[in-house]
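Read the structure below first, then the notes.
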Amino acid sequence: MIKMKNIYLIGFMGSGKSSVGKSLCILLDCDYVDTDTVVEEKNNKTIVDIFASEGENAFRIYESKVLREVPFENCVVSTGGGIIENEKNVEQMKNTGIIVYLETSFSKIDERLKMDLSRPLWNQNKQKKKELFEKRIDLYRSCANVTVKTDDKSYHDVAAEVVSYIVGE
């Protein structure tokens, strides 16, 4: 395994962070961390249950703690869609790796998540979802080292594009 800085995948829910992250780990022969999965494992609850019983703020605290526990190298880290709302999280990612924004259109995300009941912030009216999406776009763009558009690309193609960027850097 070649030593490398972490690769942090950011983007709105449904942008493909988990699927692209797994593909990247195969291509780069490195470790994989999905912050949402680790939060669920550490709390013995699903994200839906955490939101329902403790609220979004508690989830964000757990998420930040998980991010701080990630090794500082040789990992691909798929983050929760809202991780960029905490400046300390962004600072940590910038200091320990490359931040890759998986840019996906609202219509594509809506198509992917139509039947997904496991995302508490998606299970609200369309206007609220659109507002959340719009609110986060500038945050994603401002903290990313690289942006990869994902609409109409396979997860493997997106992962290959990320690798091309990293190798070229």
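Okay, so the sequence shown: first residue is 5 according to my numbering, each after it adds one. Positions of the beta carbon are idealized from the N, C-alpha and C atoms, including for glycine.
Using the beta-carbon count (16 or more within 10 Å), is residue i buried or exposed?
i: Ala62; result: exposed
i: Ile88; result: buried
i: Asn174; result: Residue 174 lies beyond the range of the chain shown here (5 to 173); nothing can be said about it.
i: Ile54; result: buried
i: Ile30; result: exposed
i: Ala163; result: buried
i: Asp2; result: With the chain covering only 5 through 173, there is no way to say anything about residue 2.
i: Ser27; result: buried
Nearest CA to the CA of residue i: which residue from the options?
i: Asp40; options: Val52, Glu165, Asp33, Val152; result: Val52
i: Lys118; options: Glu107, Lys133, Tyr105; result: Lys133
i: Ala1; options: Ile102, Ala164, Glu58, Thr154; result: Because the chain spans 5 through 173 in this model, residue 1 falls outside it and cannot be assessed.
i: Val74; options: Lys49, Lys92, Thr100, Ala56; result: Thr100
Is the separation between the beta-carbon of residue i and that of residue j shorter than 8 Å?
i: Lys7; j: Glu77; result: yes
i: Ile14; j: Tyr159; result: no
i: Val171; j: Val152; result: no
i: Asn47; j: Ser68; result: no
i: Met97; j: Tyr12; result: yes
i: Gly85; j: Arg64; result: no
i: Gly20; j: Asp38; result: no
i: Val70; j: Val104; result: no
Taking only the alpha-carbon atoms, compute the straight-line gap between residue i and residue j and give it to the nearest angstrom.
i: Tyr36; j: Val80; result: 5 Å
i: Lys139; j: Leu106; result: 16 Å
i: Glu44; j: Met17; result: 16 Å
i: Asp161; j: Lys92; result: 31 Å
i: Lys49; j: Glu135; result: 27 Å
i: Ser111; j: Lys130; result: 11 Å
i: Arg72; j: Phe137; result: 25 Å
i: Gly59; j: Val42; result: 17 Å
i: Lys157; j: Ser57; result: 37 Å
Contact check, residue i vs residue j under 8 Å by CB: the rounded distance?
i: Ser82; j: Ser22; result: 5 Å
i: Ser109; j: Asp155; result: 5 Å
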